[in-house]
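Okay, so here's the structure we're looking at.
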Amino acid sequence: MGVPVTRIRVLVVDDHRIFAESLAAALAAEPDVEVAAAGSGPAALRCLERAVAEGRGYDVLLVDAELGNLVPQARTGGVPVPVPVPRTGRTGPVDGISLVGAVRAARPSVRTVVLAERDDPARAARALQAGACGWVAKDSSLQRLLAVIRGVLRDETHLPAALLTGVLRELLADRKHRTESEKLVESLTPREREVLRCMVAGLGRKAVAERLFLSPHTVRTHMQNVLGKLDVHSTLAAVALARRAGVGPVDLDGPELPGDVVERGSQLA
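If you're matching positions, the sequence shown starts at 9 in the working numbering and goes up one per residue.
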């Protein structure tokens with residue numbers, strides 16, 4: 009009897025069906041690779057959960073860098089910001105970088121590799137910060153992709169040589185911006201930080217008031233103070249800065265609050 013082959017379980021996540029199926033078929037031709045495909049972030053997370061429940065978890069996710077690019081991504085000062093969604097409408101990450109972060113948080117043993125149509129140092133840096141182990145061009149050879157898949161399973165990080173300098177520059181610049189953002193957040197009072205965390209979670213003024221047992225007028229004052237101390241002019245810009253500083257949202261796992269709304273960066277009325 010031959011020695012059993014240890015199979016690598018790969019999940020391709022791409023909303024371009026023809027590409028996903030073609031890549032899956034090419035990988036499946038390898039004797040030590042077992043592969044499946046998912047067409048969205050939520051579908052990928054469901055696949056991961058189902059595989060774990062069956063005792064056959066995935067080893068590597070290949071995630072499209074442009075996944076969900078039909079869904080608008082809010083931006084502030086060149087920094088992408090997740091658009092908050094109401095608790096009742098949450099379906100999971102809609103873009104590739106968010107999916108990388110979600111997988112890192114939920115299944116840290118799974119390695120993720122981002123597949124990109126073009127070199128983009130800024131996005132590659134964000135992917136690495138989110139937990140990706142590699143960034144590979146979509147037009148790379150199958151041999152190159154297989155080498156990356158096997159490499160990340162050895163805890164290697166793979167980047168194209170042409171991207172390395174740009175990615176390092178982005179990471180250094182991000183560290184500088186994060187330090188500056190952290191200093192601004194430190195200027196907030198404890199109550200203002202609570203309000204900021206509610207803003208990060210996407211809660212509107214009425215929902216913040218109910219959560220913190222304050223009047224809407226008081227919350228409005230706190231929000232204005234937050235914007236002033238952070239030196240920004242919109243809720244979305246405040247959320248972007250808070251994210252850079254590592255400020256997370258309030259826990260929304262409790263009972264849903266009436267009046268929760270989504271603020272998409274509009275000026276405070």
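Positions of the beta carbon are idealized from the N, C-alpha and C atoms, including for glycine. Treat the numbers as computed from the prediction; the structure is a model and nothing was measured.
(message) Below 8 Å on the Cβ atoms is my contact criterion, and I expect residue 73 with residue 111 to pass it. Report the Cβ-Cβ distance as a whole number of Å.
(response) As a position in the sequence shown, residue 73 is number 65, starting the count at 1. As a position in the sequence shown, residue 111 is number 103, starting the count at 1. Residue 73 to residue 111, Cβ: 15 Å. No contact.
(message) For residue 208 and residue 60, I'd like the C-alpha separation in whole angstroms.
(response) On the sequence shown, position 200 is the one that residue 208 refers to. On the sequence shown, position 52 is the one that residue 60 refers to. Going from the Cα of residue 208 to the Cα of residue 60 covers about 31 Å.
(request) Return the residue from the list 119, 127, 138 and 173 that minimises the CA-CA distance to residue 159. (result) In the sequence shown, counting from the first residue as 1, residue 159 sits at position 151. Among 119, 127, 138 and 173, the Cα nearest to that of residue 159 is on 119.
(message) Using only the alpha-carbon positions, how far apart do residue 154 and residue 125 sit?
(response) By 1-based counting over the sequence shown, the position of residue 154 is 146. By 1-based counting over the sequence shown, the position of residue 125 is 117. One Cα belongs to residue 154, the other to residue 125, and the distance between them is close to 18 Å.
(request) Tell me where the alpha helix (DSSP H) around residue 249 begins and ends. (result) In the sequence shown, counting from the first residue as 1, residue 249 sits at position 241. For residue 249, the enclosing alpha helix (DSSP H) covers residues 243-252.
(request) Look at the alpha carbon of residue 205 and the alpha carbon of residue 33, and state the distance between them as a whole number of angstroms. (result) Stepping through the sequence shown from its first residue, residue 205 is reached at position 197. Stepping through the sequence shown from its first residue, residue 33 is reached at position 25. Spanning the two alpha carbons is a distance of roughly 45 Å.
(message) Does residue 162 come out as helix, strand or coil in the three-state DSSP assignment?
(response) On the sequence shown, position 154 is the one that residue 162 refers to. Three-state result, residue 162: coil.
(message) Can you look up residue 121 in the DSSP assignment and give me helix, strand or coil?
(response) Residue 121 sits at position 113 when you count from the first residue of the sequence shown. If DSSP states are grouped into helix, strand and coil, residue 121 belongs with the strands.
(message) Quick check on residue 212: buried or exposed, where buried means 16 or more other Cβ atoms within 10 Å of its Cβ?
(response) To locate residue 212, count along the sequence shown from 1; it is residue 204. Only buried fits residue 212, as 16 or more other CB atoms lie within 10 angstroms of its CB.
(request) Take the Cβ of residue 194 as the centre, count every other Cβ of all protein chains shown within 10 Å, and call the residue buried at 16 or more, exposed below. (result) Reading the sequence shown from its first residue, position 186 is the one you call residue 194. Its Cβ having fewer than 16 others within 10 Å, residue 194 is exposed.
(message) By DSSP's criteria, residue 42 is part of a beta bridge. Which residues make up the other side?
(response) Reading the sequence shown from its first residue, position 34 is the one you call residue 42. 17, per the DSSP bridge assignment.
(request) In angstroms with no decimal places, state the Cα-to-Cα distance between residue 255 and residue 76. (result) As a first step, residue 255 must be located in the sequence shown, where it is residue number 247. As a first step, residue 76 must be located in the sequence shown, where it is residue number 68. Linking residue 255 to residue 76 through their CA atoms gives a straight-line distance of about 25 Å.
(message) Does the CB of residue 48 have a neighbour CB from chain D at under 8 Å?
(response) Absent from the structure is chain D; it holds one protein chain and no more.
(request) State the beta-bridge partners of residue 69 as determined by DSSP. (result) As a working mapping, residue 69 is identified with position 61 in the sequence shown. DSSP lists 19 and 120 as partners of residue 69.
(message) Rounded to the nearest angstrom, what separates residue 24 and residue 141 at their Cα positions?
(response) Position 16 of the sequence shown, counting from 1, holds the residue named residue 24. Position 133 of the sequence shown, counting from 1, holds the residue named residue 141. Each residue's Cα considered, the two are about 22 Å apart.
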